[in-house]
Structure formats: C-alpha cells, structure tokens
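The structure under discussion appears below in the form of structure tokens.
Residue numbers (our numbering): 782 to 977.
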C-alpha cells in the first residue's frame, strides 16, 4: 500500500513524454490502492524503477528524467542567482518645462514617503535608489523586493494634490515601467463659447 502511494506521488511529479503514460500510471496506482490488482493490464503498469521507490529516491528520479532541478533545489538556486533590478521612470517633462513642478522637491517627497515592507525611510537598507535627471525621476529596486509601480502613481497623485496641481495634471502609464505627467486636454469648452 505504501509503494502504491509513493508511485502516485512520483507519477504526478514526473513529466513523461505523453500524457497517456501519466494517466495510465495514475489509474494503475489508484487500482492498486483499491486492492483490485487483477484488472491491471501489463502495458499500463508503471516503469520498474517506479514500483519500489522511497520518497528520497523519487526526487533523484524526477531530476534525472526532466534534466532540471526539482522544486526543492530550485528555491536555493534562485537565491544564489544573479540579482536583477527593476526600474520605474516618472517622466515630468511637460510640467518641468513650464516651470510648474520642481523635480528636486518631488524627489524629496518620494524619498520620505516610499514604503518598503510597510516602513518609510527604509530605502537605503533595501537597496532602493531614486535617481534624478533634469526632467525625470528613476526609482531602481531589486526585483526580489517586489516594489510596486502602483505605489509610485499613488504618491505622485498625492504630491500633485498637495501642490494643488491635481486639477491640471494627470498621471498616465507611458509604458510597462514608466509613468508620465500630462496636462488634461480641455477642448470641449471652447466650441460652446464660440456658438453663443
């Protein structure tokens, strides 16, 4: 009975070439668990290496068959892998050119209010940096930190509200990792005034 349960676990974890082999191994082991061994055809029996297997051997069989590490070793290899960074760009070109927005004050506002793991002021401890160009702010964060682009939009809207610019500027996603500050387009009001 124990061998049948191990075979079920191994049959579901191993990726054979065809789906029918997995289904056949699963039905065989289900029948073995029910005790109905007489109905098992010989061509549906699991491979010899899977009949009498312990859990410790199951992981080595899986890694040999799939030519890739198992889930248990995969977590440790990801931690040792190359650290990648995620960049988020806030493009403030239009308001800065019109001298409506000061990028240095906006950078300080973000630096004081960005939360990492629920705490503000933890940017340096978590390797998060804010870089400022003349009209753009770039927030660089480690990928494993899971920094939210949505938080940047929220804080940008709050800053615009604090500076009383929220009625004139909006935050638009320019690409996957960037936001842009744009003016609202108000064109409908001019036509109505011309008609009167």
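Ideal placement from N, C-alpha and C gives every residue a C-beta, glycine not left out.
Would you check if the region 921-932 and the region 863-871 touch, i.e. whether three or more CB-CB distances between them fall below 8 Å?
-> yes
Distance, Cα to Cα, residue 947 vs residue 893?
-> 20 Å
Quickly, what does DSSP pair residue 912 with across the bridge? List them, please.
-> 919
For the region 861-907, list the beta strand (DSSP E) runs that are entirely contained and at least 3 residues long, ordered along the chain.
-> 866-872
Proximal residues to residue 925 (C-beta, below 8 Å), its chain only, five neighbours per side dropped | 864
Mapping DSSP to helix, strand and coil, what is residue 947?
-> coil
Of the choices 952, 932, 873, whose alpha-carbon is the least far from that of residue 897?
-> 932
Nearest to residue 877 (by Cα), restricted to the options 929, 906, 913 = 913
Go ahead and pull the three-state DSSP assignment for residue 815.
-> Only weak support exists for where residue 815 lies, its pLDDT of 49 falling under 50; the value from the coordinates is given anyway. Three-state DSSP puts residue 815 in a helix.
Between the Cα of residue 889 and those of 881, 907, 875, 911, spot the shortest distance and give me the residue it belongs to.
-> 911
Between residue 951 and the rest of its own chain, which residues show a CB-CB distance below 7 Å, the 5 nearest in sequence each way excluded?
-> 963, 965
Beta-bridge pairing of residue 960 - partner residues as DSSP gives them | 871, 954
Would you tell me roughly how many angstroms separate the C-alpha atoms of residue 886 and residue 930, rounded to the nearest one?
-> 20 Å
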